[in-house]
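Student: Structure below; questions to follow.
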Amino acid sequence: MDRLAELNPAQREAVRTLSGPLLILAGAGSGKTRVITYRMAELIRHRTPADRILSVTFTNKAAREMQERARLLLGKSLPKRPLVCTFHALCVRILRQEITALGYPADFAICDRGDQESLARTALRDIRVSEKNLRPGDLLSRISRWKMGGIHPEDARDHVENDFDFLAAAAYRKYQTHLRASASVDFDDLLFLTQQLFEGHPAALARHQSRFEQVQIDEYQDTNAMQFTLIEALVRPHKNLCVVGDDDQSIYGWRGAEVKHILAFPQMFPGTKIIRLVDNYRCTDQILELANTLVRHNRDRHDKRLVAHKTSTNSVRFQEHADEQIEAEQVVREIAWIIKTKNVEPGDVAILFRTNEQPRVFETELRRNKIPYVILGSMSFFDRKEIKDLLSYLRVFVRPEDEISLLRIINVPARGIGAGTVEKLVARAVQQGSRVWRVIPEMIAAGELSPNTSQALSAFRDLVERYQAKCAANPRRLATIVEELIAEIDYEAEIDRQYKEPAQQEMRAAMLGELVQAVTQYAERNGDPSLVGFLEESALTGRDEEGDKDDQLTERGVKLMTLHSAKGLEFNRVYLVGMEEGLLPHKRSIGDTESAVEEERRLCYVGITRARDFLTLTRAECRVKWGKRRMSIPSRFLAEMQGQQPTLTGIEAESETDGDDGE
Numbered sequence: 056m057d058r059l060a061e062l063n064p065a066q067r068e069a070v071r072t073l074s075g076p077l078l079i080l081a082g083a084g085s086g087k088t089r090v091i092t093y094r095m096a097e098l099i100r101h102r103t104p105a106d107r108i109l110s111v112t113f114t115n116k117a118a119r120e121m122q123e124r125a126r127l128l129l130g131k132s133l134p135k136r137p138l139v140c141t142f143h144a145l146c147v148r149i150l151r152q153e154i155t156a157l158g159y160p161a162d163f164a165i166c167d168r169g170d171q172e173s174l175a176r177t178a179l180r181d182i183r184v185s186e187k188n189l190r191p192g193d194l195l196s197r198i199s200r201w202k203m204g205g206i207h208p209e210d211a212r213d214h215v216e217n218d219f220d221f222l223a224a225a226a227y228r229k230y231q232t233h234l235r236a237s238a239s240v241d242f243d244d245l246l247f248l249t250q251q252l253f254e255g256h257p258a259a260l261a262r263h264q265s266r267f268e269q270v271q272i273d274e275y276q277d278t279n280a281m282q283f284t285l286i287e288a289l290v291r292p293h294k295n296l297c298v299v300g301d302d303d304q305s306i307y308g309w310r311g312a313e314v315k316h317i318l319a320f321p322q323m324f325p326g327t328k329i330i331r332l333v334d335n336y337r338c339t340d341q342i343l344e345l346a347n348t349l350v351r352h353n354r355d356r357h358d359k360r361l362v363a364h365k366t367s368t369n370s371v372r373f374q375e376h377a378d379e380q381i382e383a384e385q386v387v388r389e390i391a392w393i394i395k396t397k398n399v400e401p402g403d404v405a406i407l408f409r410t411n412e413q414p415r416v417f418e419t420e421l422r423r424n425k426i427p428y429v430i431l432g433s434m435s436f437f438d439r440k441e442i443k444d445l446l447s448y449l450r451v452f453v454r455p456e457d458e459i460s461l462l463r464i465i466n467v468p469a470r471g472i473g474a475g476t477v478e479k480l481v482a483r484a485v486q487q488g489s490r491v492w493r494v495i496p497e498m499i500a501a502g503e504l505s506p507n508t509s510q511a512l513s514a515f516r517d518l519v520e521r522y523q524a525k526c527a528a529n530p531r532r533l534a535t536i537v538e539e540l541i542a543e544i545d546y547e548a549e550i551d552r553q554y555k556e557p558a559q560q561e562m563r564a565a566m567l568g569e570l571v572q573a574v575t576q577y578a579e580r581n582g583d584p585s586l587v588g589f590l591e592e593s594a595l596t597g598r599d600e601e602g603d604k605d606d607q608l609t610e611r612g613v614k615l616m617t618l619h620s621a622k623g624l625e626f627n628r629v630y631l632v633g634m635e636e637g638l639l640p641h642k643r644s645i646g647d648t649e650s651a652v653e654e655e656r657r658l659c660y661v662g663i664t665r666a667r668d669f670l671t672l673t674r675a676e677c678r679v680k681w682g683k684r685r686m687s688i689p690s691r692f693l694a695e696m697q698g699q700q701p702t703l704t705g706i707e708a709e710s711e712t713d714g715d716d717g718e
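In my numbering, the protein residues as written are 56 to 718.
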C-alpha cells in the first residue's frame, strides 16, 4: 500500500525530502499540517529516532493537532515520540535543565501578564515616574521589543530614540531586577534567557544541538529575530531544518515577526530546496482569483499562484452602503435571511473587520434580529481574576518565596492581614535582603504584630504548608486538592462579595469548576503529573494566541473577529466589512513605508482566503467619526483584487485616534 497515496505530487516531494535545509511554501488551504506530519512519520520510517525529531509550532492548539495526527500515522505502540511543542515550551524545557548556569533557580516561576503589570508599576514607582507619563502596558511592550531584539537592561539606554524610551530604559533595569529577585521570568525571558545560555555556555548549546537530528518549524513566516537565532543555533551542526510557511500570510510585523526570514531563507541556508504547495482545497476558484490578483501587487514575496480545486459561479460579491449603520443592517438582514431560508447554521458565518471598534454596530443588529453571535478574542480564561488568584495559591504551594503570587493572595479572601501589615512585612524583607515568607515567623515571634494579625498569618502559613505536603504526596489527586482548597478558603463567598449580580456570580463560580476540569485534563494527559508541570502548562497556555478560540468556535453563533484573529480559521460564508482607505489598509500604514502597506495587503489576503464557498466584501460611503459624518474612499485593495487601478485622490491623513486596531 502506498503510504503517501493521499498526497499530491508537491506534498509527496516535500515529505520525501529528508535532509538538508528545506523551504516548503504552503499557500492558504494547501494542507501544510498534513505535510509536516507525514514528513515526521517518514523520517521515523527512514530510521531517524522519533525522540530526535523536533517540530516547533506557534500555538499549543497546533502542537496538539500535530501530535494527534502523528499518533494516528505512527500508531500507539511507538515507544518514543517526536517532541512537538511551541517555541516557549521548548525554551522552558531547556531552561529547567540549564538555567542555574545563568544564576536562576531551576524551579523558577513564570509570570503571567498581571504579575508583569504589577512589577512594571513597581519599577515606575522606583524611578518616580507617574503612570500618566508612562503606562505599565506601554513599558512592558517596549521591554518586550528590547528583549526580542536581544537588548539587555544595561544596554537599553544605547537604543533610546525619544524621552519615552529614556524613561522605559531606566524602568527596564528596575523591572528586571525585581523579576530576578523574585526568582521569576516573564514570557519573553523564556526565549531571551535561552539565547543568553546558547551564546555564553557552549557546552549547554552542544548538549541541545546533539539532542535533535531533525528540526521542523511550522508558520515560519511568523518568526521573530530571537526565534530565528535560537533555531539557527540548534541546527548549526547538521542543517537538517525544514520550515513551512507562507510569506503571503505574514501579518504580525507589529509584534516582531520578520517576513525576511522566509524570503531570505535560501540565502541564510545555502543549498536550500524550495517546494511550493499551491493546490488549494478550501476556496472556490472565484475567491482564489481575487486573492491571487491582490497579493501579486506585493513586491517582496516568493512567486507563486494558488490553484483552486472548487468551482463556483456566484461565490463573490461586492456591496456599497450609505454608511456604517446601513452596512451593518444589510449584512445582518442577509444573514438572518440565509439562516431562515437556506438552513445555514449561524456558526458557519463569520464577519471579519480590521479594527476593534467596528463590531459594535454589527452586535447591535445581531441582537435586534435575535441572532446568536460570538466575539472571538475576548478575555482569556487565564486572565480572569478568580483563576489568577487560585493559580497564585498553587504557585505559592510550589515556591512560597514567589512574592508576586504570595502578596496577591496573602489576604484573598480577606483573612485579617491588612495593607499596613503587608507593608511592614515587605519593609522587613527588604531591610534584611530576605523574603516575606521567611520574615513572617520572625515578626510573629518578636511580638511585632497584633495577636489577631499574628494568628491570621500563622493560619495562612499553616494552610500553605499543608497544601504543599498534599500536592507533593498526591500528584495524581491534584484536581481533588484544588477542589478542597476552593472549599477551605471559601472562594465562592469571595465571588459573592465582589459581584452582586447573580449572573456574574454564577459565571465566576463556573470558572472555578473549569479550573478543576483543567487540572483533571492535565493529569489525564500526563503519565507523571505534578503541580509544577500543571503551572508550567497553564503559564504557556495562558499566553497562547489561540487562547480560548477553540471553545469560542464551538459555540453556536455568527463569529465576529479581527482579521488578525481569523488567521488559521475557515468558514463557509465570510463577510469582510469596512473595505475603505484608513480601515484596510489601516490609516497608520498609509504614507508609511511600502512594507507597511504590503503587510496590510497580506492581511486582506488572509481575510479573503478564510472563505470556503461565499465571500462578500462591503464598504460604507461615509462613516461617523468623532460625531461628524465623513466621506470614505474605497480601499485600494478592492480595485487591485479586480485587476483595476485604484483611485486614491483625496485621502487625508487623520490626526484623531480611532481606538484599538485589532493588533
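Glycine is no exception: its CB is placed at the ideal position from the N, C-alpha and C atoms.
Taking the alpha carbon of residue 72 as the reference point, which residue from 271, 358, 189 and 241 has its own alpha carbon closest?
Tutor: Ranking the options by Cα distance to residue 72, first place goes to 271.
Student: How is the beta strand (DSSP E) around residue 270 delimited, first residue to last?
Tutor: Taken as a continuous stretch (DSSP letters only), the beta strand (DSSP E) holding residue 270 covers 269-272.
Student: Kindly give me the distance between the Cβ atoms of residue 245 and residue 146, rounded to whole angstroms, as I take these residues to be in contact under 8 Å.
Tutor: With a Cβ gap of about 4 Å, residue 245 and residue 146 count as contacting.
Student: Less than 7 Å between C-beta atoms, sequence neighbours within five positions excluded: which residues of the same chain meet that for residue 284?
Tutor: Contacts found: 250.
Student: Per DSSP, what kind of secondary structure is residue 185 in: helix, strand or coil?
Tutor: If DSSP states are grouped into helix, strand and coil, residue 185 belongs with coil.
Student: Would you call the CB atoms of residue 172 and residue 191 closer than 8 Å?
Tutor: Closer than 8 Å, so yes.
Student: Starting from the C-beta of residue 297, find all residues in its chain whose C-beta is less than 6 Å away, skip the five residues before and the five after it, and write them out in chain order.
Tutor: Once the five neighbours on either side are set aside, the close Cβ partners of residue 297 are 77 and 271.
Student: Have a look at 100, 655 and 156 and flag the residue whose alpha-carbon is nearest the alpha-carbon of residue 130.
Tutor: Answer by Cα proximity: 100.
Student: Could you tell me the boundaries of the beta strand (DSSP E) in which residue 298 lies?
Tutor: Counting along the chain, the beta strand (DSSP E) containing residue 298 begins and ends at 296-300.
Student: In the DSSP output, what is residue 137 paired with across the bridge?
Tutor: Paired residue(s): none; residue 137 is not in a bridge.
Student: Pair every Cβ in the stretch 299-313 with every Cβ in the stretch 350-367, then say whether three or more of these pairs are closer than 8 Å.
Tutor: Touching, yes.
Student: Hey, out of 218, 227, 281 and 622, whose CA is closest to residue 407's CA?
Tutor: It is 622 whose Cα lies nearest to the Cα of residue 407.
Student: If you draw a straight line from the C-alpha of residue 65 to the C-alpha of residue 700, how long is it?
Tutor: Computed Cα separation, rounded: 34 Å.
Student: Indicate the three-state DSSP secondary structure (helix, strand or coil) for residue 284 in the structure shown.
Tutor: Correct three-state label for residue 284: helix.
Student: Reducing DSSP to helix, strand and coil, say where residue 378 ends up.
Tutor: Strand.
Student: With distance defined between alpha-carbon atoms, name the residue in 178, 491 and 518 nearest to residue 479.
Tutor: Cα-wise, what sits closest to residue 479 is 491.
Student: On the DSSP letters alone, give me the boundaries of the beta strand (DSSP E) that residue 666 sits inside.
Tutor: Per DSSP, residue 666 belongs to the beta strand (DSSP E) from 666-680.
Student: Relative to the C-alpha of residue 570, which residue among 534, 169 and 616 is closest?
Tutor: Ranking 534, 169 and 616 by Cα distance to residue 570 puts 534 first.
Student: According to DSSP, which residues form a beta bridge with residue 321?
Tutor: Bridge partners of residue 321: none, in fact.
Student: For residue 711, does the three-state DSSP call read helix, strand or coil?
Tutor: Reliability fails at residue 711, whose pLDDT of 34 lies under 50, so the model's placement of it is uncertain and no value is given.
Student: Please name the residue in 381, 657, 260 and 575 whose C-alpha comes closest to that of residue 149.
Tutor: That would be 260, whose Cα lies nearest to the Cα of residue 149.
Student: Nearest to residue 362 by alpha carbon, out of 333, 341, 473 and 370?
Tutor: With distances taken between Cα atoms, residue 362 lies closest to 333.
Student: Where residue 228 and residue 438 are concerned, what is the direct C-alpha to C-alpha distance, given to the nearest angstrom?
Tutor: Answer to the nearest angstrom: the Cα atoms are 26 Å apart.
Student: For the alpha helix (DSSP H) holding residue 142, just list the boundary residues, first then last.
Tutor: It spans 142-153 - the alpha helix (DSSP H) in which residue 142 sits, taken as one unbroken run.
Student: Rounded to the nearest angstrom, how far is the Cβ of residue 684 from that of residue 375, given a contact under 8 Å?
Tutor: Contact doesn't hold; Cβ gap of about 16 Å is too wide.
Student: Only counting the same chain, and skipping five residues up and downstream in sequence, which positions put a Cβ closer than 7 Å to that of residue 370?
Tutor: Closer than 7 Å at Cβ, skipping near neighbours: 339, 341, 342, 668, 669 and 670.
Student: Taking residue 676 and residue 383 to be in contact with their CB atoms under 8 Å, please state how far apart those CB atoms are, rounded to whole angstroms.
Tutor: Their Cβ separation, rounded to whole angstroms, is 14 Å, which puts residue 676 and residue 383 out of contact at 8 Å.
Student: Tell me the residue span of the beta strand (DSSP E) that contains residue 683.
Tutor: Looking at the DSSP string, the run of the beta strand (DSSP E) that includes residue 683 is 683-686.
Student: Return the bridge partner residues of residue 77 from the DSSP annotation.
Tutor: Note: residue 77 sits in a beta bridge opposite 297 and 328.
Student: Rounded to a whole number of angstroms, what is the C-alpha to C-alpha distance between residue 494 and residue 230?
Tutor: Roughly 23 Å between the two C-alpha positions.
Student: Over the uninterrupted alpha helix (DSSP H) stretch that includes residue 581, give me the two end residues.
Tutor: First-last for residue 581: undefined, no H or E at that position.
Student: Quick one: grab the DSSP three-state call for residue 634.
Tutor: In the structure shown, residue 634 sits in coil (DSSP, three-state: anything other than H, G, I, E or B).
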